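>
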Amino acid sequence: MKKDAGSDMIVTSEYRQFIGDLKARVTAARLSTARHINRDLINLYWDIGQAIDEKQAVMGWGESVVEVIARDLSAAFPGTTGFSPQNVWRMLQLYRTYTDAQFISQLVRELPKDELIREQTETLSQRVRDLVAAVPWGHHANALAKLNDPAARLYYLRATARLGWSRNVLLNQIKAGAYERAKVENKTHNFDLALPEHLSEQADVYMPRS
Numbered sequence: 487m488k489k490d491a492g493s494d495m496i497v498t499s500e501y502r503q504f505i506g507d508l509k510a511r512v513t514a515a516r517l518s519t520a521r522h523i524n525r526d527l528i529n530l531y532w533d534i535g536q537a538i539d540e541k542q543a544v545m546g547w548g549e550s551v552v553e554v555i556a557r558d559l560s561a562a563f564p565g566t567t568g569f570s571p572q573n574v575w576r577m578l579q580l581y582r583t584y585t586d587a588q589f590i591s592q593l594v595r596e597l598p599k600d601e602l603i604r605e606q607t608e609t610l611s612q613r614v615r616d617l618v619a620a621v622p623w624g625h626h627a628n629a630l631a632k633l634n635d636p637a638a639r640l641y642y643l644r645a646t647a648r649l650g651w652s653r654n655v656l657l658n659q660i661k662a663g664a665y666e667r668a669k670v671e672n673k674t675h676n677f678d679l680a681l682p683e684h685l686s687e688q689a690d691v692y693m694p695r696s
């Protein structure tokens with residue numbers, strides 16, 4: 487039997503570097519995949535929320551229609567956990583929150599003047615949607631949805647998208663009043679300086695929850 491040369495290989499610094507590079511590539515690929523999955527999921531939920539909102543406006547449907555829609559979607563896709571009444575309601579809330587005039591106005595106020603001149607209504611709406619899609623669903627449903635101040639919501643949304651916070655880190659940031667401190671220090675656009683070092687934690691690879 488031919489002996490496996492690899493079994494007797496001495497683990498050298500070159501090999502440790504090699505396996506370290508492979509691990510980094512695997513981690514990067516997993517993170518990229520998770521982000522794409524999350525983006526698709528958020529865009530789907532946004533579309534569902536928008537469709538319900540528009541139908542309510544045209545047809546005069548009440549809020550109780552959400553439970554009917556949730557029931558029918560769950561029946562159409564058995565085994566899928568994302569279409570509970572609570573979750574479908576959150577989809578509607580997601581769309582309404584980020585298309586609300588107060589939130590859009592806050593974003594416009596914070597845009598640099600040169601960018602604002604170039605912005606059109608359609609591109610501004612797409613900018614909001616892209617920003618929302620960069621953050622996992624669980625963050626929206628369990629943390630950001632609890633914020634009432636559009637400026638605070640925009641701050642934490644941007645910070646999470648940029649720094650890749652896990653849900654627990656985001657919740658800790660909110661509890662610690664990171665936005666309020668940044669506002670006092672007038673550093674709401676500079677997350678690296680505005681946030682305490684012990685809270686500037688990067689998230690591990692995540693998978694979106696439905």
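Residue numbers (the working numbering): 487 to 696.
Backbone N, C-alpha and C fix where the C-beta goes; we use that ideal spot for every residue, glycine too.
Please read these numbers as outputs of a predicted model, since none were measured by experiment.
On the CB-based measure, 16 or more other CB atoms within 10 Å of its CB, does L630 come out buried or exposed?
Here residue 630 refers to the residue found at position 144 of the sequence shown. So L630 counts as buried.
> Shortest alpha-carbon distance to H625 belongs to which of R639, R613, I590?
Locating residue 625 in the sequence shown gives position 139, where the first residue counts as 1. The residue with the shortest Cα to Cα distance from H625 is R639.
> Classify N573: buried if its beta carbon has 16 or more other beta carbons within 10 angstroms, exposed otherwise.
Residue 573 sits at position 87 when you count from the first residue of the sequence shown. So N573 counts as buried.
> Rank N634, N628, N672, K632 by C-alpha distance to the C-alpha of N654 and give the top, closest one.
As a first step, residue 654 must be located in the sequence shown, where it is residue number 168. Of the listed residues, the one whose Cα sits closest to N654 is N628.
> For T498, report the span of its alpha helix (DSSP H) as first-last.
Locating residue 498 in the sequence shown gives position 12, counting from the first residue. Careful: T498 lies outside any alpha helix (DSSP H) and carries neither H nor E.
> Using a 10 Å radius around the Cβ and a threshold of 16 neighbouring Cβ atoms, would you call M595 buried or exposed?
In the sequence shown, the residue the question calls residue 595 occupies position 109. Reading the sequence as shown, one finds Arg at residue 595 and not Met. Exposed, by the Cβ-count rule.
> Comparing alpha-carbon positions, which option in A619, E540, D507, S550 lies nearest R699?
The structure shown does not extend to residue 699, since the chain is modelled only from 487 to 696, so the question has no answer here.
> Straight-line CA distance for Y531 to G663?
In the sequence shown, residue 531 corresponds to position 45, counting from 1. In the sequence shown, residue 663 corresponds to position 177, counting from 1. C-alpha separation (whole angstroms): 29 Å.
> At the level of alpha carbons, what is the spacing between Y665 and L593?
As a first step, residue 665 is located in the sequence shown; it is residue number 179 there, counting from the start. As a first step, residue 593 is located in the sequence shown; it is residue number 107 there, counting from the start. Answer to the nearest angstrom: the Cα atoms are 15 Å apart.
> Distance check for R516 and L643, CA to CA, integer angstroms please.
Your numbering for residue 643 matches position 157 in the sequence shown. Your numbering for residue 516 matches position 30 in the sequence shown. Answer to the nearest angstrom: the Cα atoms are 22 Å apart.
> Closer than 8 Å by C-beta to T449: which residues in its own chain qualify, once you throw out the five before and the five after it? Chain order, please.
Since the first residue shown for the chain is 487 and the last is 696, residue 449 is missing from the structure and cannot be characterised.
> Between A510, V614, V544, which has its C-alpha nearest Y581's C-alpha?
Taking the sequence shown and counting its residues from 1, the one referred to as residue 581 is at position 95. That would be V614, whose Cα lies nearest to the Cα of Y581.
> Can you tell me the Cα-Cα spacing of V621 and R525, whole angstroms?
As a position in the sequence shown, residue 621 is number 135, starting the count at 1. As a position in the sequence shown, residue 525 is number 39, starting the count at 1. Whole-angstrom Cα-Cα distance: 8 Å.
> Who are the near neighbours of L656 in its chain, counting only those whose CB is closer than 7 Å to its CB and skipping five residues on each side?
By one-based count along the sequence shown, residue 656 stands at place 170. Result list for L656: H625, A629, Y642, T646, in chain order.
> Ends of the alpha helix (DSSP H) at L559?
As a working mapping, residue 559 is identified with position 73 in the sequence shown. 551–562 is the extent of the alpha helix (DSSP H) around L559.
> With a CB to CB cut of under 7 Å and the five nearest residues on each side skipped, what residues in its chain are close to W547?
As a first step, residue 547 must be located in the sequence shown, where it is residue number 61. Here the set comprises K541.
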